[in-house]
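Participant: Chains as they are written, first to last, in numbering that gives the first Met the number 0: chain G, 0 to 68; chain S, 0 to 425.
Yeah, the Cβ is synthetic: ideal placement off N, Cα and C, and Gly gets one too.
The structure's right below; bear with me while I get my questions together.
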Amino acid sequence: MSGEAQKKYEELKSKIEKTVNPYITLRIPIPEKADRREFFDLEKDQEFIEHVKDEAVKWVNSRRKPGKR
Amino acid sequence: MNITNIFVLIFALVLILLVTERYHRSVAALIGALLTILFGVEYGLFHLPNILNEIIDLIDVNTILLAVGVMILAEAITRTGFFEFIGLWLAKLAGSSFRRVSIILIILTVFITAFVTTITAMVIMGALTISLARRFKADPSRAIIYEAVMTNVGGLMFMISSIPNMIVAAHLNLEFIEFTKISLPLTLILALASLPYIYPTVGRTGEPVKIAEADPWTVIEDKHMFYRAMIVFVSAITLFVVRDFIGVPLGLIAIGCAIGMLALGTREPESIFSSIDWGTIFFLTAFYVIVGGLEKSGVLALLASGVSLISTLNAAIFPAVNMWICAATSSIVDNIPVTMILIPVMDYVSRLAHIPLRILGWSMIFGANLGGSITPIGSPASIIAIGILRREGKPVGWGEWLKRCLPLVSIQLLLASFYILFALGA
Numbered sequence: 000m001s002g003e004a005q006k007k008y009e010e011l012k013s014k015i016e017k018t019v020n021p022y023i024t025l026r027i028p029i030p031e032k033a034d035r036r037e038f039f040d041l042e043k044d045q046e047f048i049e050h051v052k053d054e055a056v057k058w059v060n061s062r063r064k065p066g067k068r
Numbered sequence: 000m001n002i003t004n005i006f007v008l009i010f011a012l013v014l015i016l017l018v019t020e021r022y023h024r025s026v027a028a029l030i031g032a033l034l035t036i037l038f039g040v041e042y043g044l045f046h047l048p049n050i051l052n053e054i055i056d057l058i059d060v061n062t063i064l065l066a067v068g069v070m071i072l073a074e075a076i077t078r079t080g081f082f083e084f085i086g087l088w089l090a091k092l093a094g095s096s097f098r099r100v101s102i103i104l105i106i107l108t109v110f111i112t113a114f115v116t117t118i119t120a121m122v123i124m125g126a127l128t129i130s131l132a133r134r135f136k137a138d139p140s141r142a143i144i145y146e147a148v149m150t151n152v153g154g155l156m157f158m159i160s161s162i163p164n165m166i167v168a169a170h171l172n173l174e175f176i177e178f179t180k181i182s183l184p185l186t187l188i189l190a191l192a193s194l195p196y197i198y199p200t201v202g203r204t205g206e207p208v209k210i211a212e213a214d215p216w217t218v219i220e221d222k223h224m225f226y227r228a229m230i231v232f233v234s235a236i237t238l239f240v241v242r243d244f245i246g247v248p249l250g251l252i253a254i255g256c257a258i259g260m261l262a263l264g265t266r267e268p269e270s271i272f273s274s275i276d277w278g279t280i281f282f283l284t285a286f287y288v289i290v291g292g293l294e295k296s297g298v299l300a301l302l303a304s305g306v307s308l309i310s311t312l313n314a315a316i317f318p319a320v321n322m323w324i325c326a327a328t329s330s331i332v333d334n335i336p337v338t339m340i341l342i343p344v345m346d347y348v349s350r351l352a353h354i355p356l357r358i359l360g361w362s363m364i365f366g367a368n369l370g371g372s373i374t375p376i377g378s379p380a381s382i383i384a385i386g387i388l389r390r391e392g393k394p395v396g397w398g399e400w401l402k403r404c405l406p407l408v409s410i411q412l413l414l415a416s417f418y419i420l421f422a423l424g425a
């Protein structure tokens, strides 16, 4: 696959993914005291992902201005 | 060395460069065109100082303008998100089964390729299929492979659907409606006849999932521009259809509509220009010069006398045989040079073997389009499909490709043979 086609494919996939499987991508730098391996494993840890999702809802709600849904 | 041998050598060199992919195909063709001009002057085929006019006479400007115009229109309409919108909307209708979704996407591929290049169609359908398969936790491999095959079926649908169609239609002076009356029924027959083969093997894995909450409108980033581009696009298709009555060359209509699209249907004309496949345009232009040199030097007449010997053995079935030969060649070599070389050869064969040129032209269109699916290197869509699957961690080798595609393409070619022999009255 040529570079141009690959770029187009990745852009399109990301756009469609956000409609079909809505998600956001975050880059979290490794914390100073974290174990490198354990930290990287979090990417595939479903329990952690669910926890982050709950925290995201709480965060959004706490930041919502009064009167706004 | 005589003139025929020189031009045979030039052609052989271009073929070697194309097959070995030592250079980009447009560069290979440009090298061939340059050698054609140099030796053409040396052997008296071209004459200074009018050489530029002689070279331009070899190039089918109408086909080049048509190709550029259609590429601009297709690129602009693709950027609106229209095809992803249709894909998601249909996937929602298909409901909770990945098998049904796959079948709908495979059929949609046929219709999308009727308007855009096989590369663009495969990139759009690949992205849609991979994203939906992830949602269903299903394996997208077979759906992607069959989509690649169906891009070549969709390439048959209209005169504007593929470059070989444009080349042959221009050579035979076929009008848009005249072309569609023959090509559209076969495209639909091939698409429908392929389904019984595809259905049992595709989308068997996966969990039932509801995608009702997915809103297809989210892929349309600029609704205002979307509507404007759609109006220009529909107007262009209408003009292609009524062209038969207004008599304006198709290339001029395509370029006119492309200018309309650049003015009204996009906010980024610069970006559209940079996305056009200029390599194909240079390739096409250069190859017209090479073919002109082969014709002037007598190589094509020599090739034709050899081919017509085969045709006289059984002239009745020759068009179908010609289609299979075109298909086999297009499974290895790019179908544009195959068509460009064979169409003038068919002129000679038609005269020598008394076979209507129209039938031979159609057999080339069917073979050149469908043959690309036989191997994983036969068409740009197959190469994109293989690339997408490799990228998603599901590599497909030659064995798997041939196992899935060879029977399917054979069924399609068999049906196209019957269509040539019975429906076209070969």
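What residues in the region 14 to 39 of chain G have a beta carbon less than 9 Å from any beta carbon of chain S?
Facilitator: Within the region 14 to 39 of chain G, the qualifying residues are K14, I15, E16, K17, T18, V19, N20, P21.
Participant: Give the range of the alpha helix (DSSP H) segment to which E41 (chain S) is assigned.
Facilitator: Residue mapping note: residue 41 (chain S) aligns to position 42 of the second sequence, counting from 1. Looking at the DSSP string, the run of the alpha helix (DSSP H) that includes E41 (chain S) is 24 to 41.
Participant: Determine, using beta carbons only, whether T35 (chain S) and G297 (chain S) come nearer to each other than 7 Å.
Facilitator: One-based indexing of the second sequence puts residue 35 (chain S) at position 36. One-based indexing of the second sequence puts residue 297 (chain S) at position 298. For T35 (chain S) and G297 (chain S), no; Cβs fall outside 7 Å.
Participant: Which chain S residues are close to K52 (chain G), counting only those with a beta carbon under 8 Å from its beta carbon?
Facilitator: By one-based count along the first sequence, residue 52 (chain G) stands at place 53. Near K52 (chain G) there are no residues of chain S at all, since even the closest Cβ is about 16 Å away, more than 8 Å.
Participant: Buried or exposed: which applies to P170 (chain S), given that a residue is buried once 16 or more other Cβ atoms fall within 10 Å of its Cβ?
Facilitator: On the second sequence, position 171 is the one that residue 170 (chain S) refers to. At residue 170 (chain S) the sequence reads His, which differs from the Pro that was named. The residue in question, H170 (chain S), is buried, as its Cβ has 16 or more Cβ neighbours within 10 Å.
Participant: Give, in chain order, every unbroken run of the alpha helix (DSSP H) that is at least 4 residues long and sits entirely within the region 82 to 118 of chain S.
Facilitator: Listed in chain order, they are 97 to 112.
Participant: Quick one: using the 10 Å Cβ neighbour count with 16 as the cut-off for buried, is L37 (chain S) buried or exposed?
Facilitator: Against the second sequence, residue 37 (chain S) aligns to sequence position 38. Classification of L37 (chain S): exposed, given that the 10 Å Cβ count is below 16.
Participant: Counting only C-beta atoms, is A213 (chain S) closer than 7 Å to chain G at any point?
Facilitator: The residue given as residue 213 (chain S) occupies position 214 in the second sequence. Interface residue, yes.
Participant: Closer than 7 Å, Cβ to any Cβ of chain G: which residues of the region 125 to 150 of chain S, in chain order?
Facilitator: Of all residues in the region 125 to 150 of chain S, G125, A126, L127, I129, S130, L131, R133, R134 have a Cβ within less than 7 Å of some Cβ in chain G.
Participant: Compare the C-beta of K7 (chain G) with all C-beta atoms of chain S and state if any pair is closer than 7 Å.
Facilitator: Against the first sequence, residue 7 (chain G) aligns to sequence position 8. Output row for K7 (chain G): interface = yes.
Participant: Could you tell me the alpha carbon to alpha carbon distance between R78 (chain S) and A33 (chain G), rounded to whole angstroms?
Facilitator: Here residue 78 (chain S) corresponds to residue number 79 of the second sequence, with the count starting at 1. Here residue 33 (chain G) corresponds to residue number 34 of the first sequence, with the count starting at 1. About 44 Å.
Participant: At the level of alpha carbons, what is the spacing between L426 (chain S) and V167 (chain S)?
Facilitator: No answer is possible for residue 426 (chain S): the residues shown for chain S start at 0 and end at 425.
Participant: Please identify the residue among S:A384, S:E83, S:A75 whose C-alpha is closest to the C-alpha of A213 (chain S).
Facilitator: Position 214 of the second sequence, counted from the start, is the residue given in the question as residue 213 (chain S). Measuring from the Cα of A213 (chain S), the nearest candidate turns out to be S:E83.
Participant: Just to make sure I have the definition right: I need the residues of chain S whose C-beta is within less than 7 Å of the C-beta of K12 (chain G). Which are they?
Facilitator: Indexing the first sequence from 1 puts residue 12 (chain G) at position 13. Neighbours of K12 (chain G) on chain S, chain order: A126, I129, S130.
Participant: Nearer than 6 Å: is that true of the beta carbon of F417 (chain S) relative to any heavy atom of the ligand FMN?
Facilitator: Absence of the ligand FMN from the depicted structure is noted, as is the absence of any ligand whatsoever, leaving it without description.
Participant: Using the three-state DSSP reduction, which class does V290 (chain S) fall into: helix, strand or coil?
Facilitator: Here residue 290 (chain S) corresponds to residue number 291 of the second sequence, with the count starting at 1. DSSP places V290 (chain S) in helix when its eight states are reduced to three.
Participant: Just the Cα atoms here: how many angstroms apart are A253 (chain S) and N52 (chain S)?
Facilitator: By 1-based counting over the second sequence, the position of residue 253 (chain S) is 254. By 1-based counting over the second sequence, the position of residue 52 (chain S) is 53. Between A253 (chain S) and N52 (chain S), the C-alpha separation is close to 24 Å.
Participant: Alpha carbon to alpha carbon, how far is G153 (chain S) from F110 (chain S)? Give it in angstroms, no decimals.
Facilitator: Position 111 of the second sequence, counted from the start, is the residue given in the question as residue 110 (chain S). Position 154 of the second sequence, counted from the start, is the residue given in the question as residue 153 (chain S). Near 6 Å, if we compare the C-alpha coordinates of G153 (chain S) and F110 (chain S).
Participant: How many Å lie between Q411 (chain S) and L369 (chain S) at the Cα?
Facilitator: Position 412 of the second sequence, counted from the start, is the residue given in the question as residue 411 (chain S). Position 370 of the second sequence, counted from the start, is the residue given in the question as residue 369 (chain S). Distance between the alpha carbons of Q411 (chain S) and L369 (chain S): 8 Å.
Participant: From S:R133, S:G68, S:I143, S:L359, pick the residue whose C-alpha is nearest to that of I102 (chain S); which is it?
Facilitator: Walking along the second sequence from the start, residue 102 (chain S) turns up at place 103. When each option's Cα is compared against that of I102 (chain S), the closest is S:I143.
Participant: Can you tell me the Cβ-Cβ gap for Y226 (chain S) and A300 (chain S), rounded? I've got them flagged as a contact below 8 Å.
Facilitator: For the purposes of this step, residue 226 (chain S) is identified with residue 227 of the second sequence, where counting begins at 1. For the purposes of this step, residue 300 (chain S) is identified with residue 301 of the second sequence, where counting begins at 1. That belief does not hold up - the Cβ atoms of Y226 (chain S) and A300 (chain S) are roughly 54 Å apart, past 8 Å.
Participant: Looking at the C-beta of I115 (chain S), does it have a partner C-beta in chain G at a distance below 7 Å?
Facilitator: As a position in the second sequence, residue 115 (chain S) is number 116, starting the count at 1. As written in the sequence, residue 115 (chain S) is Val, which differs from the Ile given in the question. No, V115 (chain S) does not count as interfacial toward chain G.
Participant: What in chain G is Cβ-close to E74 (chain S), meaning under 8 Å?
Facilitator: Translated into the one-based positions of the second sequence, residue 74 (chain S) becomes position 75. Ordered by position in chain G, no residue passes the 8 Å Cβ test against E74 (chain S), which lies about 10 Å from the chain.
Participant: Roughly how many whole angstroms lie between the Cα atoms of E238 (chain S) and I76 (chain S)?
Facilitator: On the second sequence, position 239 is the one that residue 238 (chain S) refers to. On the second sequence, position 77 is the one that residue 76 (chain S) refers to. Reading off the sequence shown, one finds Leu at residue 238 (chain S), where the question assumed Glu. In a straight line, the C-alpha of L238 (chain S) is about 17 Å away from that of I76 (chain S).
Participant: Counting only beta-carbon separations shorter than 7 Å, does T77 (chain S) have a partner in chain G?
Facilitator: Here residue 77 (chain S) is taken as the residue at index 78 of the second sequence, counted from 1. Judged by the 7 Å Cβ criterion, T77 (chain S) is not in contact with chain G.
Participant: Compare the Cα-Cα distances from R99 (chain S) to each of S:P139, S:A126, S:I245, S:A73 and report the closest residue.
Facilitator: For the purposes of this step, residue 99 (chain S) is taken as residue 100 along the second sequence, with counting starting at 1. Comparing Cα positions, the closest option is S:P139.
Participant: Cβ of E83 (chain S) less than 7 Å from any chain G Cβ?
Facilitator: Position 84 of the second sequence, counted from the start, is the residue given in the question as residue 83 (chain S). Yes, E83 (chain S) counts as interfacial toward chain G.
Participant: Of all the alpha helix (DSSP H) runs that stay within the bounds of the region 328 to 366 of chain S, which reach a length of 4 or more residues?
Facilitator: Counting only runs of 4 or more, we get 334 to 352.
Participant: Evaluate S270 (chain S) with the Cβ neighbour count: other Cβ atoms within 10 Å of its Cβ, from every protein chain shown; 16 or more gives buried, anything less gives exposed.
Facilitator: As a first step, residue 270 (chain S) is located in the second sequence; it is residue number 271 there, counting from the start. S270 (chain S) is exposed by the Cβ-count criterion.
Participant: Count the other CB atoms within 10 Å of the CB of M149 (chain S); is the residue buried (16 or more) or exposed (fewer)?
Facilitator: Taking the second sequence and counting its residues from 1, the one referred to as residue 149 (chain S) is at position 150. It counts as buried.
Participant: Check whether the Cβ atoms of P163 (chain S) and N321 (chain S) sit closer than 7 Å, and answer yes or no.
Facilitator: Residue mapping note: residue 163 (chain S) aligns to position 164 of the second sequence, counting from 1. Residue mapping note: residue 321 (chain S) aligns to position 322 of the second sequence, counting from 1. No, they are not a contact pair.
Participant: Which residue marks the beginning of the alpha helix (DSSP H) containing Y198 (chain S), and which one marks its end?
Facilitator: Your numbering for residue 198 (chain S) matches position 199 in the second sequence. Neither: Y198 (chain S) is in no alpha helix (DSSP H) and is coded neither H nor E.
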